[in-house]
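Chemist:
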Amino acid sequence: MNFFILSIIKAAVVAFILLTALAYLQWLERKVLAHIQLRVGPRRVGPHGLLQPLADVVKLITKEDMIPSHVNKIFYLLAPFIAVMFALIPIAVIPFGGDLNIPAFTVGGVTIGPIHSTMELTDLNIGVLFILGISGLGVYGVALAGWASNNKYSLLGGLRSSAQMISYELPMALAIATPLLALNSLSFRTIVNAQSGYIWGFIPRWTIFQGPFPFMFIAFILFMIAAFAETNRVPFDLPEAENELVAGFHTEYGSMKFAAFFMAEYCNMVTVSCVATLLFLGGWHPLFPEAYGSNFIPPLIFVGAGLISFMHAASPSRPLDRFTLPVVGLVSFGLAAIFMAGIFLVPTVGAALMPLFWFCAKVIAVLFVYIWVRGTLPRFRYDQLMSFAWTFLFPVAIVNLFFVALWVALT
Amino acid sequence: MDALLFMIFAAIAVVCGVNLILQTHPISSALSLIGVMGALAALYLLLGGEFIAAAQLVVYAGAIMVLFVFVIMLLNAGTEHKTPMGKGTWAKYAGVPLLVAFLGLVAYLVQSIVPATDNVVFGEFRKGTALEIGRALFTTYLLPFELTSVLILIAILGAIVLARKEID
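Chains as they are written, first to last, in this note's numbering: chain A, 1 to 411; chain B, 412 to 579.
(1) With a CB to CB cut of under 7 Å and the five nearest residues on each side skipped, what residues in its chain are close to I91 (chain A)?
(2) Beta-carbon of S162 (chain A) versus every beta-carbon of chain B: anything under 8 Å?
(3) Shorter than 8 Å from the beta carbon of W147 (chain A) to some beta carbon of chain B?
(4) From what residue to what residue does the alpha helix (DSSP H) around A194 (chain A) run?
(5) Beta-carbon of G306 (chain A) versus every beta-carbon of chain B: anything under 8 Å?
(6) From the DSSP secondary-structure annotation, give me the bridge partner or partners of I203 (chain A).
(7) Chain A beta carbons: is any one of them nearer than 8 Å to that of M484 (chain B)?
(8) Taking the continuous alpha helix (DSSP H) assigned at H250 (chain A), which residues delimit it?
(9) From the beta carbon of E461 (chain B), is the nearest beta carbon of chain A less than 8 Å away?
(10) So what does DSSP say about H443 (chain A), is it helix, strand or coil?
(11) Inspect the CB distances between the segment 303–320 of chain A and the segment 384–401 of chain A and report whether three or more fall short of 8 Å.
(12) For L278 (chain A) and C267 (chain A), what's the separation of their Cα atoms in angstroms?
(13) By the 10 Å Cβ neighbour count, where 16 or more other Cβ atoms means buried, how is R322 (chain A) classified, buried or exposed?
(14) Tell me whether P47 (chain A) is buried or exposed, calling it buried when 16 or more other Cβ atoms sit within 10 Å of its Cβ.
(15) Buried or exposed: F536 (chain B), going by 16 or more other Cβ atoms within 10 Å of its Cβ?
(16) Tell me where the alpha helix (DSSP H) around V331 (chain A) begins and ends.
(17) Verify whether the separation of the beta carbon atoms of L435 (chain A) and V396 (chain A) is less than 8 Å.
(18) How should L553 (chain B) be labelled, buried or exposed, when 16 other C-beta atoms within 10 angstroms of its C-beta is the threshold for buried?
(19) Please list, in chain order, the chain A residues whose beta carbon lies closer than 7 Å to that of T435 (chain B).
(20) Give the residues of chain B in contact with F75 (chain A), contact being defined as C-beta atoms less than 9 Å apart.
(21) Find the nearest neighbour of L325 (chain A) within the set A:A336, A:A337, A:V366 and A:M311, judged by alpha-carbon distance.
(22) Since S138 (chain A) and F86 (chain A) are thought to touch, with beta carbons under 8 Å apart, how far apart are those beta carbons, to the nearest angstrom?
(23) So which residues on chain B does I134 (chain A) lean against when the C-beta distance must stay under 9 Å?
(24) Return yes when the Cβ of S161 (chain A) is within less than 8 Å of the Cβ of E252 (chain A), no when it is not.
(25) For L377 (chain A) and I364 (chain A), I'd like the C-alpha separation in whole angstroms.
(26) Take V246 (chain A) and list the residues in its own chain whose beta-carbon comes closer than 8 Å to its own, dropping the five residues that flank it on each side.
(27) Under three-state DSSP, which class holds E535 (chain B)?
(28) Do V328 (chain A) and S309 (chain A) have their beta-carbon atoms positioned less than 8 Å apart in this structure?
(29) From this set, A:A241, A:E29 and A:A226, which residue's C-alpha is nearest F388 (chain A)'s C-alpha?
(30) Does the beta-carbon of R189 (chain A) have 16 or more other beta-carbons within 10 angstroms, so that it is buried, or is it exposed?
(31) Go ahead and label M216 (chain A) buried or exposed: buried means 16 or more other beta carbons lie within 10 angstroms of its beta carbon, across all protein chains shown.
(32) Would L129 (chain A) pass as an interface residue toward chain B - the criterion being a Cβ-Cβ separation below 8 Å?
(33) Between the segment 437–450 of chain B and the segment 462–473 of chain B, do at least 3 Cβ pairs fall closer than 8 Å?
(34) When we look at the beta-carbon of V404 (chain A) and count the other beta-carbons within 10 Å, is it buried (16 or more) or exposed?
(35) Ignoring anything shorter than 4 residues or poking outside the segment 413–445 of chain B, list the alpha helix (DSSP H) runs there in chain order.
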């Protein structure tokens, strides 16, 4: 029974954080893109547009939920569900940090016994395969949406996405197989544990720095390229190329159904970033050893954020900023205080928070690369996309895997 | 718990399988087939064959069926038309009794051939991990494995040769 309650609590926490993160990822994307293009981005709702995601959600929910008369109704309604469902499921097997040990405590006379758990929903020992399998099913949402809309632009978008996802799944699977081969496991937890420690005392033993050096790095680059295509992101966003296909597969969708596709896309981005972090970037292991003070990075970052907030509050650009920015600053200082307490006063909290911080920091860094690329690169042409996958990415991935296999066999 | 899950997924598989035949639209049939594949993957997982379950999802539900759906969408296949029964009207009346007889025969044979002690117990089979499967494939069953690979390669080459247009 304990197991069920714990699982439900963990699932609720993870789902809440994930959905909030998805909303704010949209905010981050708009902000970063705006600054790349020398604009300021959302600024009206809350300080620096921080409440913009909330306003967007309200807008999308209250919009008229219209179903065009010419669509195939069942599949038209089913498609967004499929897209969101298969985007959310993979999070269940992604570990966010090390072990979670909560000592026994008493609330209102009821003792809640010592809890030992792991920071993930479930530790599947075929976690990597599970993610490959489920994310492969996500294509049905897009393909069905395109087909059921009964619109030639949508159909073209759906067809493009199915062809694109089949093609890029191969190099992605081969790139994923490379670290699995070198680290000899299919479980995310084992893979991350195999990446702990440091080479010469300061270079982290992450997969991209490990093993036969250039090959792991090549595998990482291949994985990122294929992942961009799998998540339909620029420069491979052919299924929704707006200047060719209006909006591609979601042309006929509106209100929350439209939002569902966006949620699925951002959720897939988060999943792929998590996989990249776990397989190649050392999971929750810090950037440099604790002996050199890596534990003090999170409090420093939050203190810096708090100071900047207060500095801007001193000379507000809008009258309300005098009140909102100090709140942001206080929250940052609070987070810094929690981390400091974790280091010096309550080691159990620190042991749980530090891995979580490093994991989130790496995932956000990968997500930033996603947005950066979107702001930088133009879109591929469709034939270029296909020939790139089959004549360049796939052979390189095979040769790369071959060399790593040779290295594994020889050592 | 295991038995309950088994019943749920078995029911999903059967319902999807029946739906696959009853539906007249190819896309509905293809989606039902995906449902069958997914339910089968869950059943494999229940039996302890976790690698097979993942392979089922990756290969059948994720790759082959995507290709099916892709082709159906590309050809824009419409609803099938029912052909009139014609000569086979007796199948209408004899079909159901024959089906019952056939199922009864199968059930009887399974009962008599397989001893009751060979019943599957949930969670008892521990050789379904990727490690065990890999070891079996590359030691005990190496020859059949390699022969199958060559066979599939020949099939791919044959398909390309047949599908290629003569370019002058």
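No residue lacks a Cβ here, since even glycine has one placed at the ideal position from N, Cα and C.
Modeler: The answer reads as follows:
(1) V14, L18 and T271
(2) yes
(3) yes
(4) Segment: none, A194 (chain A) is in no alpha helix (DSSP H) and carries neither H nor E.
(5) no
(6) In the DSSP assignment, the residues bridged to I203 (chain A) are A:I199.
(7) yes
(8) Unbroken run through H250 (chain A): none, as it is neither H nor E.
(9) Chain A contact via Cβ: present.
(10) Shown here, chain A extends from 1 to 411; a query on residue 443 (chain A) therefore has no answer.
(11) no
(12) Computed Cα separation, rounded: 16 Å.
(13) exposed
(14) Burial call: buried.
(15) exposed
(16) D321 to F344
(17) Here chain A covers residues 1 to 411 and nothing more, so residue 435 (chain A) does not appear.
(18) With fewer than 16 other Cβ atoms within 10 Å, it is exposed.
(19) By Cβ distance, chain A contributes nothing, its closest Cβ being about 13 Å from T435 (chain B), past 7 Å.
(20) I438, S439 and L442
(21) A:M311
(22) The sequence given here has Gly at residue 138 (chain A), not Ser. G138 (chain A) to F86 (chain A), Cβ: 4 Å. Contact.
(23) L468 and G473
(24) no
(25) 20 Å
(26) Non-local beta-carbon contacts of V246 (chain A) in its own chain, meaning distances under 8 Å to residues more than five positions away in sequence, involve Y153 in chain order.
(27) coil
(28) yes
(29) Comparing C-alpha distances from F388 (chain A) to each of A:A241, A:E29 and A:A226 shows the shortest one belongs to A:A226.
(30) buried
(31) buried
(32) yes
(33) yes
(34) buried
(35) Segments of the alpha helix (DSSP H) lying fully in the segment 413–445 of chain B: 413–433.
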